[in-house]
Each structure stands twice: as C-alpha cells, then as structure tokens.
Amino acid sequence: MKKLSLIVAFVASVVLLGSCLRGNDPEPERVGGTTFINTFIEADAAFYYVGRNTIEGLNPLGYRTFSQWPIYIFPGENRRLEIYSTYEDNRLVDTTFTVQDSVYYSSIVYGTHDDPRHFITEDRIPEDVDDPAAIAAVRFYNLANTDRRVTLHIGEMEPVAAFRNRPLETPQTGKAGEDFIPVATGTYIVSVVDEDGETVATRESRVDLSAGSYISIFLTGDERDPNTFYVGVVPQWVN
Amino acid sequence: MKRNRKAFSALFLGAVLLAGCIKDEEPEPEVRSGFAVVNSFLEARAVQHRLDMGRGFQPLNQGLQYRGIDFYAVPSCVDCKLEIISSNELAQLVDTTFTLEENRYYTSFLFGTETAPLHFVTEDHVPEGTEDPAAIAGVRFFNLAETSQRVTLHIAEAEPIEAFRNRTKETPETGKHAEEFIPTAHTGTHVLTIQDEDGEQLARRTGVALDPGDYLTLFLAGDGGESAPYYIGIVRHRGIN
C-alpha cells in the first residue's frame with residue numbers, strides 16, 4: 055500500500071516536472087537588419103521611429119552618421135518608418151515597408167525640409183560571386199543638394215559606368231542603384247568630381263577596399279556652402 | 058493538545074491568506090486637470106505662469122520663452138486664479154480666474170503687447186459627434202500675431218477650412234469662440250502656409266505630421282519684423298476629451 059502511493063507520487067512528479075524539460079528549442083536566427091544612414095544636411099540630427107517606437111541609438115542620429123550595427127526589425131509587412139528632423143519636429147519620412155527575414159537593408163534620408171527624400175535598399179552580395187569574402191564591392195550615391203552631376207573616382211581606376219555623372223538621386227534612382235559593383239581590392243584615395251572635372255570633395259583618409267568589403271560611398275553637402283561637401287563611406291552588411 | 062494545534066495552524070493559515078486582502082490607506086484618486094500654456098507674447102523674452110498663488114509653473118530664472126509651449130497637470134479648482142508675469146521687470150500681464158474641472162483639458166494662450174496683453178483659455182474637446190477620436194484628426198487655428206491683416210491658413214494644397222479664412226487678430230472672445238477642433242480626414246505630412254488677404258505668404262512650415270488621433274492648435278505668431286518674424290506655432294495636444 056505504501057509502495058503504491060510512492061509509485062503514484064513518482065509518476066505524478068514525473069508527469070508534472072516533465073513539462074519543465076526543454077527539448078531543443080529552435081533558436082531564432084537574428085540575421086538581417088537595417089542600417090540607418092542620415093545624410094539630411096538641414097538638421098543636426100534626425101529621430102527614427104519604427105511602428106511609433108523609438109530606436110535606441112537613433113534617438114537622434116546625427117547628420118553624416120549611421121547606425122553602427124544593423125538594427126533588427128521584426129519581419130513583416132507594412133512596418134511603419136518615420137523620420138523626424140530635430141528642427142521643429144519636421145516629419146521627413148512617413149513610409150511603410152516590408153521586412154523580410156535574413157535580409158539586410160539600408161535606409162538613406164537626404165534632401166531638404168522642402169523636399170525630403172528617402173529610400174530603402176536591399177543590401178545583397180552581387181550575383182554570381184563564388185566567394186563573397188574574396189571581393190570588394192562598392193555602390194555610389196549622389197545625395198548632395200546640388201544640380202551638378204558627379205562622378206566617383208576610386209584611385210586611378212577608370213570610373214565605373216554606374217558611378218558616372220550621377221545627378222541628385224531620386225528615391226527611384228537610389229533604389230535602382232542598390233547593387234554593389236565589384237572593384238579591384240586595395241586602398242584608395244576616393245574623390246568625387248563634377249562634369250567639368252572639378253573636384254567637389256575628396257575623402258580625407260584612404261578608403262580600405264580589402265577583400266570582403268562592401269561599401270556605400272556617397273556625396274553629401276549643399277551647393278549653398280561648398281565647404282559642406284563631404285564624401286561619406288559606410289561599410290555595409292550584406293548577404 | 059492535538060486539536061489545539063490544528064486550530065492554531067488553521068487560524069494561522071487563515072491569517073496569512075487573508076492578510077493579502079487587507080488594504081492600507083487607499084491612494085486618493087488624483088484630482089487633476091490638463092493645462093497647456095502657450096506663449097505668443099513677443100515683447101518679453103519669457104513669461105512666468107502662476108496658478109492659484111502656487112509655485113510658478115516654470116523655474117523663476119527660466120520662464121516660458123516666446124513661442125514656447127508647455128504641458129502641465131494641475132489640481133482642479135473652482136475660480137482658479139492665473140497670473141502671468143513678464144520677464145520685463147516682472148510686469149503682470151494677466152490676472153484672471155476660471156474653473157478647471159477634473160479630468161478636463163485646457164489651454165491658455167497669451168499674446169498681444171505690453172500695453173494690451175491678451176489672454177484666453179480654451180476647453181479642449183473632442184469634436185461633437187465623433188465616434189472614435191483616434192480615427193480622425195482635429196485642427197483649430199488662431200491668429201495671435203501683431204498684425205492688422207486678415208490671414209488665412211492653408212494646409213497643403215487643400216481648400217482652406219472656412220473657419221481658418223480671413224482671421225483677424227484674435228480677441229479673447231474670438232479665440233474662445235474658435236476653440237472647437239475641426240475634424241479632418243486630410244491626414245499625412247503637410248506643408249502649412251499662412252497668407253494675408255492679398256495672397257502674400259507670411260509664414261510657412263514644412264513637415265507637419267497630422268496623423269489620425271492628432272489634435273493640433275495652429276497659430277500665427279510674430280509681427281513680421283526682424284526680431285519676431287511671422288511664425289506658425291503648433292500645439293500638439295497631449296490629451297483632449
């Protein structure tokens with residue numbers, strides 16, 4: 055009789071405690087994320103909200119800076135992104151976008167308070183690349199408030215066709231120019247030259263395009279003060 | 058002995074269990090009203106609000122600056138006395154009384170000049186007949202500028218709302234009269250412009266977010282001079298009901 059109750063107690067405890075056992079919980083894969091790049095010159099900084107929530111580190115994000123780590127946004131459709139200028143809380147961007155799992159994105163804001171512009175790129179390894187870690191690849195944007203068409207010069211290299219005579223991007227040209235274009239690896243002086251051959255801006259330090267580098271290079275600044283022209287370099291996560 | 062212990066432990070268990078039900082002094086529900094203050098008084102660097110002889114809303118050495126907007130929760134009261142004091146030699150601009158009902162939102166607007174300071178307090182209601190206040194946006198407009206012109210507020214390219222057309226500088230009566238928010242389905246990010254009766258633009262403001270559930274007071278401030286250019290102020294109400 056005593057034995058029976060012991061057995062019952064044992065079975066009961068096995069049953070009850072069994073629920074505490076964990077099998078191999080699936081680990082969520084946190085790959086992917088969004089790099090936020092602020093090249094909006096008319097304010098010191100910008101505030102970012104996703105789904106009306108602030109994002110740590112982007113609260114605010116200064117001009118000419120970018121989020122150091124890709125920010126994970128839960129995948130789904132119609133994720134709302136708002137960007138506010140620190141100047142009188144101007145809303146620069148109010149958009150929705152679809153976030154897919156395991157994709158890296160970049161959000162790039164630029165333009166003026168009168169004409170704020172923004173686009174989101176998908177940051178992919180170029181197609182037909184056997185070993186992504188063996189190449190270096192670049193994309194180039196003209197995000198400066200200027201009418202000039204500008205060309206990116208990387209060292210003595212012949213300028214890549216896609217990097218020639220780029221006018222100020224529209225959201226469409228920005229999105230269309232999202233592909234990274236492989237270039238010869240090395241360390242280069244990088245400059246941006248206008249259609250008359252005049253140098254608009256030169257990156258003050260050499261840009262390291264060693265194997266495995268995926269880099270966005272952009273021109274920012276404003277024609278009203280030529281001292282503001284600046285060549286930005288953002289190393290990107292890709293997959 | 059045995060029975061005694063049983064009774065004792067039952068009593069003890071009961072005491073432990075029921076102890077959780079004992080309530081200490083219940084916190085009194087707070088009796089507050091929402092009170093926003095707007096300073097469109099351009100002749101002083103700053104002003105200080107004092108309600109019911111209490112402590113000033115703002116620290117003494119840094120009042121609410123011109124164009125400043127602030128939000129407070131204040132004890133509700135009948136015949137509350139509001140004083141507004143200018144940073145210019147502490148001149149008293151406003152000395153008035155009004156009632157602040159519990160759980161109601163109010164906004165105080167100060168404008169005018171040192172010789173004729175003007176002030177009114179609005180009750181901030183949800184527009185009548187609104188089913189879901191979070192589904193619509195509401196706007197109202199005051200001309201608090203030092204101007205003799207009639208001004209019209211344009212929200213983006215839309216036809217101006219009737220109540221926002223040809224507004225002369227408010228008096229406390231016209232301001233109070235225009236306190237109702239006008240519901241609009243025209244949400245989004247807008248450029249606001251204010252024009253005089255000749256269609257000339259006095260002020261412009263870009264990137265104004267107007268989402269469902271937003272209730273905004275838009276006002277014109279300034280006198281068009283160099284030190285106080287015309288300016289569109291926005292009160293983004295934290296609550297209305």
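If you read the protein sequences in the order shown, they are chains A and B.
Numbering of the first sequence is given in the numbering used here, commencing with residue 55 and proceeding in unit increments.
Numbering of the second sequence is given in the numbering used here, commencing with residue 58 and proceeding in unit increments.
Note that the Cβ used here is the ideal one computed from N, Cα and C, for glycine as well.
>> Less than 7 Å between CB atoms is the rule here; does T250/B satisfy it with respect to chain A?
In response: Not closer than 7 Å to any Cβ of chain A, the Cβ of T250/B fails to qualify, so no.
> Does the segment 116 to 130 of chain A come within contact of the segment 89 to 106 of chain A, defined as at least 3 CB pairs closer than 8 Å?
Replying inline: A contact between stretches requires three or more CB pairs, one per stretch, nearer than 8 Å, and the segment 116 to 130 of chain A meets this requirement with the segment 89 to 106 of chain A.
> How many Å lie between L263/A and V244/A at the Cα?
Replying inline: So the alpha carbons of these two residues sit roughly 11 Å apart.
>> If you follow the alpha helix (DSSP H) that K226/B is in, where does it begin and where does it stop?
In response: Where K226/B is concerned, there is no enclosing alpha helix (DSSP H), because DSSP gives it neither an H nor an E.
> Is DSSP giving A194/B helix, strand or coil here?
Replying inline: DSSP places A194/B in the strand class (E or B) of the three-state scheme.
>> Using the Cβ count rule (16 or more neighbours within 10 Å means buried), how would you classify H234/B?
In response: H234/B is exposed by the Cβ-count criterion.
> Using DSSP with H/G/I as helix, E/B as strand and the rest coil, what is S133/B?
Replying inline: Coil, per DSSP.
> Beta-carbon of H172/A versus every beta-carbon of chain B: anything under 7 Å?
Replying inline: When Cβ-Cβ separations below 7 Å define contact, H172/A makes no contact with chain B.
>> Quick check: the segment 127 to 145 of chain A against the segment 262 to 274 of chain B, are at least 3 beta-carbon pairs closer than 8 Å?
In response: Touching, yes, given that three or more Cβ pairs across the two stretches are closer than 8 Å.
> So, using beta-carbon positions, are K254/B and R293/B closer together than 7 Å?
Replying inline: According to the sequence provided, residue 254/B is Glu. The question's Lys does not apply to it. Remark: C-beta atoms of E254/B and R293/B do not approach each other more closely than 7 Å.
> Quick one: Cα of I127/A to Cα of Q154/A, how far?
Replying inline: Cα to Cα, I127/A sits roughly 9 Å from Q154/A.
>> Please list, in chain order, the chain A residues whose beta carbon lies closer than 9 Å to that of A266/B.
In response: Neighbours of A266/B on chain A, chain order: E136, Y138, D143, N144, R145 and D148.
> Quick one, are the C-beta atoms of S97/B and A213/B less than 7 Å apart?
Replying inline: The beta carbons of S97/B and A213/B sit no closer together than 7 Å.
> Given that a residue counts as buried once 16 or more other Cβ atoms are within 10 Å of its Cβ, and exposed if not, what is P124/A?
Replying inline: P124/A is buried by the Cβ-count criterion.
> How many angstroms separate the CA atom of G72/A from the CA atom of V65/A?
Replying inline: Straight through space, the alpha carbons of V65/A and G72/A are spaced by roughly 10 Å.
> How would you write the range of the alpha helix (DSSP H) that A230/A sits in, first residue to last?
Replying inline: Taken as a continuous stretch (DSSP letters only), the alpha helix (DSSP H) holding A230/A covers P225 to A230.
> Of all Cβ atoms in chain B, is any one closer than 7 Å to the Cβ of D98/A?
Replying inline: By this cut-off, D98/A is not an interface position.
> What's the C-alpha gap between F221/B and F198/B?
Replying inline: For F221/B and F198/B, the distance between alpha carbons rounds to 6 Å.
>> With DSSP as the reference, identify every bridge partner of T88/A, one or two as the case may be.
In response: BP columns for T88/A point to I125/A and Y159/A.
> For the putative contact between P240/B and A191/B, defined by C-beta atoms under 8 Å, what is the C-beta separation to the nearest angstrom?
Replying inline: Wrong, their Cβ atoms sit about 12 Å apart, outside the cutoff.
>> Under 8 Å, with one C-beta from each stretch per pair, do the segment 62 to 74 of chain B and the segment 212 to 227 of chain A reach the 3-pair mark?
In response: Contact between the segment 62 to 74 of chain B and the segment 212 to 227 of chain A is absent, with fewer than three C-beta pairs closer than 8 Å.
> Near T205/A, what residues of its chain come up, given a Cβ to Cβ distance below 8 Å and the 5 sequence neighbours on each side ignored?
Replying inline: Cβ-Cβ distances below 8 Å link T205/A to P213, F217, R218, N219, R220, V246, V247, D248 and E249 in the same chain, with the five nearest sequence neighbours on each side left out; the list follows chain order.
> If you run the structure through DSSP and keep just helix, strand and coil, what is F69/B?
Replying inline: Reduced to three states, the DSSP call for F69/B is helix.
> chain B beta carbons: is any one of them nearer than 7 Å to that of H167/A?
Replying inline: Under the Cβ distance rule, H167/A counts among the residues neighbouring chain B, one pair being separated by less than 7 Å.
> the segment 226 to 250 of chain B: which residues have C-beta closer than 7 Å to a C-beta of chain A, in chain order?
Replying inline: For the segment 226 to 250 of chain B, residues whose beta-carbon sits nearer than 7 Å to a beta-carbon of chain A comprise T246.
>> When you compare the CB of T274/B with every CB in chain A, is at least one pair closer than 7 Å?
In response: Residue contact check for T274/B against chain A: no CB pair falls below 7 Å.
> Grouping DSSP H, G and I as helix and E and B as strand, with all else coil, what is L71/A?
Replying inline: Three-state DSSP puts L71/A in a helix.
> Closest by CA to I109/A, which one among V85/A, A97/A and R134/A?
Replying inline: The candidate whose alpha carbon is nearest that of I109/A is R134/A.
>> Between the alpha carbons of L273/B and R124/B, how many angstroms are there, rounded?
In response: A direct Cα-to-Cα measurement between L273/B and R124/B gives close to 15 Å.
> At least one CB of chain A closer than 7 Å to the CB of T263/B: is that the case?
Replying inline: Yes, because at least one Cβ of chain A sits closer than 7 Å to the Cβ of T263/B.
> To which residues of the same chain is S133/B closer than 7 Å at the C-beta, ignoring the five residues directly before and after it?
Replying inline: Hits under 7 Å: V88, R89, S90, L157, E158 and E159.
> If you run the structure through DSSP and keep just helix, strand and coil, what is H106/B?
Replying inline: Strand at H106/B.
> By how many angstroms is the C-alpha of F166/B removed from the C-alpha of G251/A?
Replying inline: Between the C-alpha atoms of G251/A and F166/B there is a straight-line separation of about 57 Å.
>> Less than 7 Å between the C-beta atoms of L108/B and L150/B, yes or no?
In response: Against a cut-off of 7 Å, the Cβ pair of L150/B and L108/B comes out as no contact.
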